[in-house]
Structures are given as C-alpha cells and as structure tokens.
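Residue numbers (the working numbering), protein chains in the order written: chain X, 1 to 611; chain L, 1 to 429. We treat Cβ as the ideally placed atom computed from N, Cα and C, and that holds for glycine.
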Amino acid sequence: MIYTTCKYAPEELFAGFGEETSRLDPSPASFSCADGCAHPNLCGFAKAVIEEVNAKGIRSLVFTDCCDAMRRTFDVLSRSDMDFLYFLPLPHKTGDREIHMFAADLKKLAEAYARASGKTFSREAAREACVPRTSSKTEESGEADPGKSSTQEVSGSAPSAYVSILGAHGGALLLEGVRETFSGMEVRDDTCSGNRISMIVVPESFPSDEAFFSWYAEYLLKGFNPCMRMFSIANRTGKETEILNAGRRPGNQEANLRGIIYHTVKFCDYYSFEYADLKQRTDLPLLKIETDTSPQSSGQLKTRIEAFAETLGVRTVSTGTKESSMLFGRQSGKNETLSPAAAIKFKENADFIAGIDSGSTSTDVVIMNRGRKILSSIILPTGMSASKSAKKALHLALSEAGIRESDLGGIVATGYGRDVLEMEKQTVTEITCHAKGAHFLFPDARTIVDIGGQDSKVIRIDSQGNVTNFIMNDKCAAGTGRFLEMQARALGLTMEEMSRIGLDWKEEVRISNMCTVFAESEVVSLVAKDTPPADIVHGLNRSVAAKTVSLIRRGKGEEEYVMTGGVSLNRGVVQCLSEELGAPVHISERSQLCGAIGAALIGLASAPASS
Amino acid sequence: MPRNNIERITAAIGSSVERLSPGKPLEARRLLLAAFRAYKLKLKFLPGKELPPSKQYLGPISMSCMIRPLAHPDRQVLTSIFTPSELFHAMGLFPMCAEQFATYTNGAGAEHIFVEIAERAGIAETFCSYHKVVIGGAYSGVLPKPLAVVNTSLACDANNLTFRKASELLAAPQYYIDVPYNPSRDAVEYVADQLREMGSWLEDLSGIRIDEGKLKESVQCSQRTIRTLRHIIPYRAQRYVPSELTAELYEVLMTHNALGLPETLKYAQLLLKDFESSKEQPGRKILWMHSNPFYQDVVKKTFNYKSDPWIALTEMCYDELLPSREEDPYMAMAYRTVYNSFNGPVTRRAGKAVRMAKEIGADGVILFCHWGCKETCGGSAVIADALEEAGFPVLILNGDGVDSRNSSDGQVGTRLGAFLEMLGTDSHS
Numbered sequence: 001m002i003y004t005t006c007k008y009a010p011e012e013l014f015a016g017f018g019e020e021t022s023r024l025d026p027s028p029a030s031f032s033c034a035d036g037c038a039h040p041n042l043c044g045f046a047k048a049v050i051e052e053v054n055a056k057g058i059r060s061l062v063f064t065d066c067c068d069a070m071r072r073t074f075d076v077l078s079r080s081d082m083d084f085l086y087f088l089p090l091p092h093k094t095g096d097r098e099i100h101m102f103a104a105d106l107k108k109l110a111e112a113y114a115r116a117s118g119k120t121f122s123r124e125a126a127r128e129a130c131v132p133r134t135s136s137k138t139e140e141s142g143e144a145d146p147g148k149s150s151t152q153e154v155s156g157s158a159p160s161a162y163v164s165i166l167g168a169h170g171g172a173l174l175l176e177g178v179r180e181t182f183s184g185m186e187v188r189d190d191t192c193s194g195n196r197i198s199m200i201v202v203p204e205s206f207p208s209d210e211a212f213f214s215w216y217a218e219y220l221l222k223g224f225n226p227c228m229r230m231f232s233i234a235n236r237t238g239k240e241t242e243i244l245n246a247g248r249r250p251g252n253q254e255a256n257l258r259g260i261i262y263h264t265v266k267f268c269d270y271y272s273f274e275y276a277d278l279k280q281r282t283d284l285p286l287l288k289i290e291t292d293t294s295p296q297s298s299g300q301l302k303t304r305i306e307a308f309a310e311t312l313g314v315r316t317v318s319t320g321t322k323e324s325s326m327l328f329g330r331q332s333g334k335n336e337t338l339s340p341a342a343a344i345k346f347k348e349n350a351d352f353i354a355g356i357d358s359g360s361t362s363t364d365v366v367i368m369n370r371g372r373k374i375l376s377s378i379i380l381p382t383g384m385s386a387s388k389s390a391k392k393a394l395h396l397a398l399s400e401a402g403i404r405e406s407d408l409g410g411i412v413a414t415g416y417g418r419d420v421l422e423m424e425k426q427t428v429t430e431i432t433c434h435a436k437g438a439h440f441l442f443p444d445a446r447t448i449v450d451i452g453g454q455d456s457k458v459i460r461i462d463s464q465g466n467v468t469n470f471i472m473n474d475k476c477a478a479g480t481g482r483f484l485e486m487q488a489r490a491l492g493l494t495m496e497e498m499s500r501i502g503l504d505w506k507e508e509v510r511i512s513n514m515c516t517v518f519a520e521s522e523v524v525s526l527v528a529k530d531t532p533p534a535d536i537v538h539g540l541n542r543s544v545a546a547k548t549v550s551l552i553r554r555g556k557g558e559e560e561y562v563m564t565g566g567v568s569l570n571r572g573v574v575q576c577l578s579e580e581l582g583a584p585v586h587i588s589e590r591s592q593l594c595g596a597i598g599a600a601l602i603g604l605a606s607a608p609a610s611s
Numbered sequence: 001m002p003r004n005n006i007e008r009i010t011a012a013i014g015s016s017v018e019r020l021s022p023g024k025p026l027e028a029r030r031l032l033l034a035a036f037r038a039y040k041l042k043l044k045f046l047p048g049k050e051l052p053p054s055k056q057y058l059g060p061i062s063m064s065c066m067i068r069p070l071a072h073p074d075r076q077v078l079t080s081i082f083t084p085s086e087l088f089h090a091m092g093l094f095p096m097c098a099e100q101f102a103t104y105t106n107g108a109g110a111e112h113i114f115v116e117i118a119e120r121a122g123i124a125e126t127f128c129s130y131h132k133v134v135i136g137g138a139y140s141g142v143l144p145k146p147l148a149v150v151n152t153s154l155a156c157d158a159n160n161l162t163f164r165k166a167s168e169l170l171a172a173p174q175y176y177i178d179v180p181y182n183p184s185r186d187a188v189e190y191v192a193d194q195l196r197e198m199g200s201w202l203e204d205l206s207g208i209r210i211d212e213g214k215l216k217e218s219v220q221c222s223q224r225t226i227r228t229l230r231h232i233i234p235y236r237a238q239r240y241v242p243s244e245l246t247a248e249l250y251e252v253l254m255t256h257n258a259l260g261l262p263e264t265l266k267y268a269q270l271l272l273k274d275f276e277s278s279k280e281q282p283g284r285k286i287l288w289m290h291s292n293p294f295y296q297d298v299v300k301k302t303f304n305y306k307s308d309p310w311i312a313l314t315e316m317c318y319d320e321l322l323p324s325r326e327e328d329p330y331m332a333m334a335y336r337t338v339y340n341s342f343n344g345p346v347t348r349r350a351g352k353a354v355r356m357a358k359e360i361g362a363d364g365v366i367l368f369c370h371w372g373c374k375e376t377c378g379g380s381a382v383i384a385d386a387l388e389e390a391g392f393p394v395l396i397l398n399g400d401g402v403d404s405r406n407s408s409d410g411q412v413g414t415r416l417g418a419f420l421e422m423l424g425t426d427s428h429s
C-alpha cells in the first residue's frame with residue numbers, strides 16, 4: 001500500500017505497478033509527536049500526517065509539493081526509516097513548459113519506485129486506472145471514504161438540493177458529521193482533497209511510456225478543479241455559477257446549492273483567502289468552521305453545524321437521553337429533518353415549559369407559562385457535572401415556580417451540555433435559542449453579541465427573531481469570559497470588582513496581546529510597574545471589545561445590538577464595546593438567561609392549543 | 001509607553017495612521033510617506049553615534065528604497081523579497097518589497113490596523129504577519145495601485161496568496177515566477193525564460209524598453225556586491241563592527257531587492273572597510289536565522305550595539321550571495337534564485353547554516369520562528385539538529401517580526417537570557 005497526502009498524488013502511476021494507494025485521512029487525538037519533531041505552529045493536517053505515520057507504522061508514502069507544511073513534513077519524515085518516501089515537485093503554473101517538466105518528474109518517480117520495489121511499470125494498467133471523463137461512477141453508499149477517489153460530481157447525475165463542504169481537507173470525520181446533521185439532503189465533499197475527477201479524456205492507448213507521462217502530467221495538472229496553491233484558480237470550486245447566482249435568487253429551483261460549509265485548517269493559510277473572497281461574492285448561507293483535524297473541538301463544531309442546519313430550515317433533532325456519535329462523541333439519535341419548532345413535542349394540556357441552558361460556566365433554567373411569562377429562573381455554577389447541575393437547577397426553578405416536573409409540557413435544553421443531560425428533553429443549539437431569547441427581551445435587536453465562558457458569538461437575526469447569520473470565535477479563548485477570568489486572577493480581583501473598577505480608569509493602557517497567556521504576562525508586567533488596576537482592567541476591556549468588534553464586522557453586524565452571556569454583566573466591557581461600535585449596546589438584567597428563555601420559547605412555539 | 005521624543009513621535013504617527021487608514025486611506029498614505037521621509041532625514045543627519053560609517057550610510061539608502069516606490073506608484077513594482085530586481089532597476093522602475101513595507105509600517109507604529117483589516121476581511125490570524133500588513137494595506141487602499149505585481153513562488157506559500165490578492169484588490173496586473181523545487185540547470189533555464197518573458201511583459205505595460213546594456217551593468221553590480229560581502233565573512237569570525245537589529249534588516253533588503261543598485265555596492269565596500277579597520281573583540285558570536293523582532297525591547301537591549309553577545313551574521317543577508325559565472329544576465333539572476341538556500345528541502349538551508357556557523361565560528365545560533373512562517377517553523381527541528389550535531393547550540397525562538405501581539409516580552413526575554421547564560425561568558429576572553 002502506498003499512502004498519499006493530496007489529490008494531485010499520482011495514484012494511477014502506482015496502479016501501473018499493481019500497487020494500491022490510499023490518501024491519508026488522519027484525525028489524531030493529540031499532536032504530541034508532531035509538536036516535538038516539527039513545530040506546534042504547523043498546519044494541523046501536516047502534524048496529523050506525522051502522527052499517523054508513527055501510529056500506523058506507515059512504510060511507503062508519497063508527498064506532493066502542495067504547500068510549505070507538506071514540504072517540511074516530508075523533511076521531518078525523511079529522518080525516519082521508511083521503505084519508500086518520495087517528494088514529487090508540482091509546478092504552480094500549467095503551461096506546456098510546466099507540463100513537460102512535470103512529466104519528467106513523474107517519470108523519475110516511476111523509475112525510483114521500480115528500483116525500490118523491483119516491480120515493472122505497466123502503462124496500460126496505469127491508463128486503465130485513469131477515470132474517463134464520461135464515466136458516471138457514483139458513490140454506492142453514503143459512507144465517506146476520502147482515502148479513495150471520489151467521483152460524486154459527474155455529468156449525467158440528477159440535480160438535487162445539496163450542501164457543499166468547501167475549503168481545506170476535512171476528512172471523513174467532518175463529512176460524516178455533516179451528513180448526519182443534514183440527513184435527507186445531499187452533502188458534497190468539495191474540499192481540496194475531495195472531488196478528484198480529471199476532466200481530461202483518456203485515450204485508448206499510448207505508443208510509449210514517454211507519451212503516457214506527457215499525457216498523464218496534463219491529466220493531473222490540468223484535469224482537476226485547481227487547488228488554491230495553483231497560480232490560476234479560475235472557477236476553482238467548479239460551481240461558480242451556483243455560488244454567484246443561487247443566493248441572489250432565493251427560491252430559484254435551479255439553485256441546487258443551498259449552503260456552503262467552508263472548512264479551514266488551523267495554520268493552513270490558503271483557504272482563508274478563498275473564504276474572504278467567497279463571503280463577499282455570494283449571498284448563499286455560508287458557515288465557516290476551522291479545525292486542526294483532531295476531534296478536540298467537536299462540541300463547538302457540532303453546535304455550529306446544527307445551528308447552520310437550523311438556519312437552512314434543515315434540522316436533525318436528537319431526542320432521548322443517551323446519544324453518541326463518532327464525530328461528536330455521542331451515538332446517533334433518532335434523526336428527523338424538521339424545523340426547530342416543529343421538532344419539539346409538547347405535552348398536551350400542559351401549561352408550563354422549562355428551558356435549560358447548560359453552559360460551560362453556568363447552568364440556567366427558566367420556567368415559562370403559555371402566556372410567555374417567566375415564572376421562575378435559576379442560575380447555578382455548572383461545576384463538575386452538567387447533568388447534576390441541570391437537575392438541581394430545574395428542581396429549584398420548579399420549586400420557586402410552585403409546580404411539579406409532571407406539570408411541564410416539556411423540557412428544551414441548549415448549551416454545550418444539552419446532549420448529556422440525563423433527562424427527557426429536546427435539544428436546540430444555543431445560537432437559535434439566544435436569537436429567540438434576545439428577540440423576546442429586545443424586539444428591535446438585529447445583532448446579538450453573546451460572550452460566554454469559552455465562546456464568543458455574533459448572531460444576526462431578523463424581525464421575527466430568526467437567525468440569518470452567525471459567527472463564532474475559534475478554539476482560542478481570546479476575547480471570552482475565560483480570558484477575563486484569568487486576567488482577574490492575575491490582578492487578584494473578583495469578577496464583580498473587575499466589572500466595577502474598569503469604569504474608573506484614568507489613563508489608556510494598551511494590552512496588545514490577544515493570546516490569553518501572553519496577555520496575562522503583560523498584565524503581570526503592568527502590575528510590576530505600579531500601573532493602577534483600573535487602568536489595566538480598562539485596557540483588558542478594550543482588548544476584549546476590539547476582538548469582539550472584529551467578530552461583529554466579520555459577521556456584518558448592524559444595529560440594534562444586544563449583548564448576552566456572562567460577560568454582559570461586566571459594565572466596563574459593555575461600555576468599551578459601545579464606544580468601539582459607535583452605537584448603544586443593550587443589556588438586560590436577564591441577559592444571562594437569554595439561552596434558557598429562548599429554549600423555553602421554542603418549546604412553547606410548538607405547544608398545541610390548550611383544550 | 002513612549003520613553004523618548006522619537007518614540008513619542010512614532011506613537012503619534014502610528015495612532016494617526018491607524019485612525020485614518022479605514023476611512024481616509026490617501027491621508028494615511030501621505031502621513032506614512034511623510035514619516036518615512038522624516039525618518040530618512042533623521043538617519044542621514046542624526047545617525048546613531050555608535051554606528052560605523054557603513055551602517056550610517058545604510059539607513060538613508062534603505063529608506064529611499066521604500067520612499068521611491070511609495071511616492072511614485074506609476075513606477076512601482078510590488079514584489080517579494082526573493083524576486084531578482086535588476087531588471088526593474090535597469091528599467092528605472094522601483095521595486096517595493098512586501099516584507100519591507102510591513103517592517104517599515106511597524107517602524108512607524110502603524111502595523112496593527114493593517115493586520116486587523118486583513119483579519120476582519122477573513123484572512124487567517126495564523127497567516128504570516130508581514131503579509132497580513134500588506135493585505136491590510138491593499139484592502140484599505142493605503143497601498144497605492146502599482147504599475148505591476150511581480151513575485152516568485154520562493155520562499156513560501158504566502159507569496160502565492162498575498163500577491164494574487166494584492167493584484168486583485170489594487171487592480172494591478174501580476175506576473176508570477178515559478179521557482180522549481182529541485183535546483184538544476186533545467187530549473188535555472190526555466191526561471192531565466194520566465195524572467196525574459198516578464199521583461200517583455202513589463203515593457204508592454206510600462207512603455208519602457210529594456211536597455212540590455214544597463215541590465216548587464218546592474219547584474220555585474222550585483223556580482224561585485226556579492227563578492228565584496230562574501231569577502232567580509234572571514235572578518236566576521238574575528239572582528240566586531242557595531243550593529244543593531246534594524247540595520248540587520250536593512251542589510252537583508254540590500255542583499256535582495258536592492259542588489260544591482262550602485263548604492264548597495266557602495267554599502268558593501270564601506271562595510272568591508274569598517275571590518276578591515278576594526279579590531280578583534282571578544283564576545284559571544286551569534287548566527288541569527290530568519291528575520292528578527294527589531295521592535296522588541298528585550299531583544300534590542302540584548303543585541304543593539306553590543307559586542308557580547310553580537311549578531312555576527314544574519315542568515316538572510318547571505319542566502320542569495322552566490323557567485324555566478326553566468327554571462328547572460330537572466331541566467332545569473334535565475335541561478336541566484338534557484339540555488340537560494342531557502343529553496344528545496346530544508347536540509348539545504350540547514351547545511352548552509354552549518355557552513356555559516358563554522359565560517360564565523362559561532363558560539364550559538366538563534367533560529368527565529370516568525371509567526372505564521374511554516375517554512376521556518378516546520379523545518380526548525382531539522383535545522384536545529386543539524387547545527388547541534390555540528391556542535392553549535394541552538395535556540396528556537398518563537399516570536400513575530402512585525403506584530404507585537406503575537407509574542408510576549410517576558411517569554412522571549414527568559415528564553416533569550418537563559419540561552420545566553422547557557423553559552424556562558426565569552427570563551428575567547
């Protein structure tokens with residue numbers, strides 16, 4: 001078995017030797033090996049390749065010159081003992097001169113493999129492995145296998161509504177997760193490693209090996225939708241018309257592409273450029289997600305993808321008490337494609353509903369009656385067990401409202417812990433819930449800024465409280481509640497003190513570091529210079545506000561602004577944010593309950609009329 | 001916080017540029033240009049007293065390399081640091097190196113806004129900060145529309161992205177020079193052909209004909225500069241000429257886009273004179289690899305005007321200094337590009353680092369891993385191992401050459417200090 005790393009890898013050349021190839025699709029639990037033998041700031045996929053080679057004991061691997069990270073990964077692995085490790089240069093341009101050079105390099109690779117393996121190259125076997133342009137081979141099952149060539153988008157296939165995953169390699173993990181969420185709708189892997197179909201016609205035969213390699217160079221170099229590292233990227237995605245037109249003509253039946261999930265890999269530079277361009281050019285629903293190929297941020301990923309499905313009116317609702325899946329750390333629940341409200345089953349003749357927001361820092365519960373009146377609310381620290389905290393908070397809220405659990409028409413849970421709560425409940429993402437909750441509190445709100453313990457979110461809503469767009473921070477804690485908590489600790493302040501003294505500043509202090517750890521060391525340095533704590537806190541508030549405004553601008557936020565989440569209690573941050581935006585930022589005494597209120601409202605929306 | 005008048009002025013300019021850039025890019029550009037001109041005058045008439053004549057000469061000519069293209073966009077070629085520029089010089093065009101723009105913008109205290117503009121547009125936070133500043137400059141309109149954009153694929157992916165984006169945002173045509181991964185005669189000929197094609201393309205674009213005599217002269221000037229600078233290397237093993245981090249970066253510019261200019265040759269000759277007239281001085285000699293965080297206080301305090309420790313050689317001043325016997329000017333430029341130590345497997349760069357360390361008798365090597373530079377970060381372990389096997393202690397120092405927000409003074413100071421302690425006091429004293 002010859003392993004490869006990118007779609008430009010000459011898989012058919014190895015078929016000419018009777019060898020099977022498999023494209024690596026690693027998803028390591030950690031990067032302990034790669035961080036040591038390469039560098040932590042290397043692209044996540046490159047580091048994952050190093051981990052995979054070590055974990056699987058891979059003996060034969062062919063790199064293509066796709067990017068800096070792959071070049072250096074090859075250098076690192078060159079020091080290990082492998083049977084066949086080869087680096088294939090890849091031109092950036094695709095003119096006749098470049099094809100000629102690439103053909104010579106392919107021939108050199110074939111010669112090197114013949115020497116290493118003792119096998120003979122058969123150009124006829126290689127030719128047969130080349131997929132003819134007119135082929136209509138389709139995936140036989142819905143299972144993703146990025147290790148194999150995918151030929152899902154071929155001429156003759158019936159048009160149907162679909163979601164495209166674009167950008168950098170996401171692999172089977174991402175693809176399966178998206179397909180699970182979007183069951184009932186086609187999901188296409190159009191990432192840099194998916195969709196390997198050459199548009200070059202395969203001749204019946206070749207008179208010589210030289211003729212084959214000349215043709216094969218063109219097959220690889222000019223046949224595929226180009227990857228971002230190529231100089232010319234005209235119609236790179238292969239769906240320019242759809243991208244440009246579909247979103248601009250909503251409801252157009254020709255517009256089969258319903259939404260784009262744009263995936264980037266941490267420390268891979270290429271695809272953020274395409275994303276920056278794409279978001280300017282299309283009105284299609286667009287979700288950007290970033291991973292490092294490991295399953296570490298699967299919780300956040302799940303929230304985003306499910307919320308995106310909700311905005312498209314396609315929602316996979318999970319019901320029951322035990323769920324988990326390969327991607328999201330839970331098994332597959334019962335899947336239905338429904339709108340969020342329609343998915344909620346409300347007990348007949350019941351007058352009350354509970355909304356639970358199980359967040360990373362606090363668990364919030366709201367009990368609401370059919371008249372949308374909040375009867376009680378409870379906020380408890382989440383602590384070590386999301387489930388226990390939720391049960392306790394629910395019990396307290398029920399007690400305060402003076403009702404029993406059996407009086408509830410249902411429980412709607414949201415927040416990170418929503419799926420692990422051991423109780424009968426329906427789940428909705430916190431993005432949809434915050435939208436509904438904020439609309440309830442401030443009907444004129446159009447942009448919600450939710451900063452919680454580990455997330456910052458910007459949610460755009462319409463006049464009905466429906467989500468029209470949203471954006472979230474990545475794994476980094478910069479600009480979140482956790483960032484402020486760590487700095488408060490460094491200053492020896494409580495969060496309440498921090499909220500208060502940030503308003504009493506005298507002189508501007510600039511905290512330039514966005515990184516939580518670096519900022520903490522900057523705070524310590526300022527303390528050592530006797531800088532007044534109020535000025536330092538104000539500097540930190542400004543830093544959080546700047547980071548948040550950047551997120552708001554990326555999400556194209558507009559007035560009226562509402563801030564929710566724990567950080568909305570920090571008056572200094574709210575004031576700085578308002579100044580940076582040049583617009584008022586509304587907060588409510590109930591801001592922290594926004595998610596739970598939204599959950600309860602979504603439950604009520606599906607309640608049958610009371611008899 | 002500003003501590004002296006220069007820093008106070010810089011802070012004021014920086015905050016004005018940052019304020020103006022998003023809405024009034026032309027005013028921001030004019031202010032930036034005025035700041036560069038003022039700083040050039042300062043360097044010319046009030047140079048650092050500790051600096052030798054060569055370095056005093058170096059500052060103003062480096063500033064000119066920034067001022068000329070920014071003041072004359074119709075003759076500006078926005079380019080990458082590894083693009084051979086003799087053709088531009090011969091045509092009377094002004095190359096403006098992207099990394100140089102980013103560095104000088106930091107010097108004016110205005111880099112953050114450009115980084116922020118780029119990130120807000122969607123460019124990854126993990127992208128190289130030098131290039132983010134350029135992208136931010138293009139998005140904001142502070143960078144003017146140049147005559148042309150010309151770049152090589154060498155030495156990193158950022159070139160493939162930044163210049164394509166800049167070309168699109170500034171509506172300026174682009175020429176891309178693909179540098180093959182494996183150095184060979186064929187690769188040199190291929191690059192030479194592209195340079196010829198680029199020349200014709202520039203002729204059509206500018207209406208200026210290439211004077212082949214002038215081009216030959218410029219390439220010969222490069223060769224003389226290279227020979228002179230190589231002649232200095234043995235002196236670096238014994239003698240000390242005061243320098244500073246900024247001057248090291250100026251020299252990087254001189255040995256890349258400014259090669260072929262008579263001023264660069266004059267600088268090399270003055271530097272040789274300075275070394276010839278300098279005395280032996282004990283001190284821990286450092287080979288510094290990649291760019292440097294010239295703005296960072298703790299690094300400045302450690303190295304500026306210091307003989308112990310002192311940066312005896314900066315890798316990026318010598319990566320292109322390859323003597324060539326090529327008669328044809330295009331082949332000579334192509335040879336230098338293809339055989340640059342940053343091209344090909346990192347073992348080439350590691351091998352060259354070992355040779356440099358040996359030539360100057362380095363006591364230690366600092367490998368600066370600039371934020372977002374996958375070329376250097378990814379190869380750092382291989383380079384460090386090669387140097388350590390050859391007996392040279394190595395510090396891999398993570399930081400950022402432009403954006404102060406990506407590194408911490410405390411962490412950098414601790415690592416640097418500990419490494420220098422590890423090297424001990426000077427062994428030659």
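On a Cα-Cα basis, can you pick out the residue from the options that is closest to residue i?
i	options	result
Thr429(X)	Glu422(X), Tyr416(X) and Met498(X)	Tyr416(X)
Ile367(X)	Val49(X), Leu398(X) and Pro381(X)	Leu398(X)
Using a C-beta cutoff of 8 angstroms, does residue i count as contacting chain X?
i	result
Glu7(L)	no
Arg196(L)	no
Val433(L)	No answer is possible for residue 433(L): it lies beyond the span of chain L, which begins at 1 and ends at 429.
Val382(L)	yes
Starting from the C-beta of residue i, find all residues in its chain whose C-beta is less than 6 angstroms away, skip the five residues before and the five after it, and write them out in chain order.
i	result
Lys352(L)	Ser341
Glu580(X)	Ala545 and Val549
Met326(X)	Any reading at Met326(X) must be qualified, since the residue scores a pLDDT of 33, below 50, and its modelled position is unreliable; no value is offered.
Phe213(X)	Ala103, Leu106 and Lys107
Leu540(X)	Gln487 and Ile511
Distance, Cα to Cα, residue i vs residue j?
i	j	result
Gly391(L)	Ser277(L)	31 angstroms
Val524(X)	Gln296(L)	18 angstroms
Met498(X)	Ile123(L)	33 angstroms
Glu116(L)	Pro262(L)	38 angstroms
Lys285(L)	Gly59(L)	23 angstroms
Phe74(X)	His370(L)	21 angstroms
Thr361(X)	Cys433(X)	17 angstroms
Cys128(L)	Pro84(L)	22 angstroms
Does the beta-carbon of residue i, which I'm using as the reference point, lie nearer than 7 angstroms to any heavy atom of the ligand NAD?
i	result
Ile597(X)	Among the components of this structure there are no ligands whatsoever, and the ligand NAD is therefore not found.
For residue i, which residues of its own chain have a beta-carbon under 7 angstroms away from its beta-carbon, when the five flanking residues on both sides are left out?
i	result
Met431(L)	Beyond the ends of chain L as shown, which are 1 and 429, falls residue 431(L); an answer cannot be given.
Against chain L, does residue i count as a neighbour if the rule is that its beta carbon must be under 8 angstroms from one of theirs?
i	result
Lys279(X)	yes
Glu522(X)	yes
Tyr270(X)	yes
Val617(X)	The question about residue 617(X) has no answer here: the residues shown for chain X are numbered 1 through 611.
Leu577(X)	no
### Query
Does the count of Cβ pairs from the stretch 319 to 335 of chain L and the stretch 178 to 193 of chain L closer than 8 angstroms reach three?
yes
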